[in-house]
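*Asks:* Here it is: the structure, laid out below.
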Amino acid sequence: MTPDDRFRIAVEAVLGHEGGFSDDPADRGGATNFGLSSVHHPDLDVRALTRERAIEEYRRRYWERYRLDEIEDVDVATKVFDLCVWMGPGAAARYLQTAICAVVGGPVIAVDGVIGSRTLAALREADPGAVVVALRALALEHIRRICERDPSQERFRRGWERRALA
Numbered sequence: 001m002t003p004d005d006r007f008r009i010a011v012e013a014v015l016g017h018e019g020g021f022s023d024d025p026a027d028r029g030g031a032t033n034f035g036l037s038s039v040h041h042p043d044l045d046v047r048a049l050t051r052e053r054a055i056e057e058y059r060r061r062y063w064e065r066y067r068l069d070e071i072e073d074v075d076v077a078t079k080v081f082d083l084c085v086w087m088g089p090g091a092a093a094r095y096l097q098t099a100i101c102a103v104v105g106g107p108v109i110a111v112d113g114v115i116g117s118r119t120l121a122a123l124r125e126a127d128p129g130a131v132v133v134a135l136r137a138l139a140l141e142h143i144r145r146i147c148e149r150d151p152s153q154e155r156f157r158r159g160w161e162r163r164a165l166a
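Quick note: the sequence shown uses my numbering, first residue 1, plus one each step.
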């Protein structure tokens with residue numbers, strides 16, 4: 001499977017979670033369209049964003065920039081891409097690194113929030129299915145912490161949990 005094939009699968013998964021335009025006052029991301037938020041992407045007119053443009057932005061802003069195109073397993077690539085969009089690239093990279101270390105049984109790489117050559121090499125040595133399971137568990141813990149810190153976010157918990165387990 002090519003990186004482009006993996007991207008198409010991953011972006012469709014993200015778009016399936018994100019949907020179209022919303023501007024929920026309780027959403028810390030502000031106005032959001034296809035998962036691209038006005039808070040995190042102030043240079044984009046999210047209200048006018050088309051699906052095709054969102055896909056282009058995802059490829060450039062996430063998939064290629066954070067080396068997700070180099071993750072060979074489609075399930076791992078999709079989960080990390082979804083976490084990048086949902087929680088931010090730094091958190092997604094830290095969770096990937098934490099998952100890899102848990103799966104291989106030790107601190108084989110630094111948990112520094114950057115998907116670099118060492119992270120990618122360590123990932124190639126790890127069982128991809130186990131990495132996805134670990135990423136799901138880390139995402140659930142992330143949700144628990146958010147809701148614990150800010151009970152107003154509890155209303156999003158069920159949707160977030162479904163996404164975490166996807």
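Cβ coordinates follow ideal geometry from the N, Cα and C atoms, glycine included. Since the structure is predicted, the reported quantities are computational estimates derived from the model, not experimental observations.
Checking the sheet assignment: what are the DSSP bridge partners for Ser37?
*Replies:* In the sequence shown, counting from the first residue as 1, residue 37 sits at position 37. Answer is Thr32.
*Asks:* Measuring straight from C-alpha to C-alpha, what distance separates Gly30 and Gly113?
*Replies:* Numbered from 1 along the sequence shown, position 30 holds the residue referred to as residue 30. Numbered from 1 along the sequence shown, position 113 holds the residue referred to as residue 113. Each residue's Cα considered, the two are about 24 Å apart.
*Asks:* What residue range is occupied by the uninterrupted alpha helix (DSSP H) comprising Glu141?
*Replies:* The residue you call residue 141 lines up with position 141 of the sequence shown. Here the alpha helix (DSSP H) through Glu141 covers 128-149.
*Asks:* Return the Cβ separation of Tyr66 and Pro42 in integer angstroms, given the expectation that the two are a contact with Cβ distance under 8 Å.
*Replies:* By 1-based counting over the sequence shown, the position of residue 66 is 66. By 1-based counting over the sequence shown, the position of residue 42 is 42. Contact flag wrong, Cβ pair sits at about 19 Å.
*Asks:* Could you say if the stretch 119-135 and the stretch 64-81 meet the contact criterion of at least three C-beta pairs nearer than 8 Å?
*Replies:* Touching, yes, given that three or more Cβ pairs across the two stretches are closer than 8 Å.
*Asks:* Would you list, in sequence order, the uninterrupted alpha helix (DSSP H) runs of no fewer than 4 residues that lie entirely inside the stretch 31-93?
*Replies:* Counting only runs of 4 or more, we get 51-58, 74-87.
*Asks:* Which residue or residues does DSSP assign as beta-bridge partners of Ser22?
*Replies:* In the sequence shown, residue 22 corresponds to position 22, counting from 1. DSSP lists Thr32 as partners of Ser22.
*Asks:* If you draw a straight line from the C-alpha of Arg149 to the C-alpha of Arg136, how long is it?
*Replies:* For the purposes of this step, residue 149 is taken as the residue at position 149 of the sequence shown. For the purposes of this step, residue 136 is taken as the residue at position 136 of the sequence shown. About 20 Å.
*Asks:* How is Val11 classed by DSSP in three states: helix, strand or coil?
*Replies:* On the sequence shown, position 11 is the one that residue 11 refers to. DSSP places Val11 in helix when its eight states are reduced to three.
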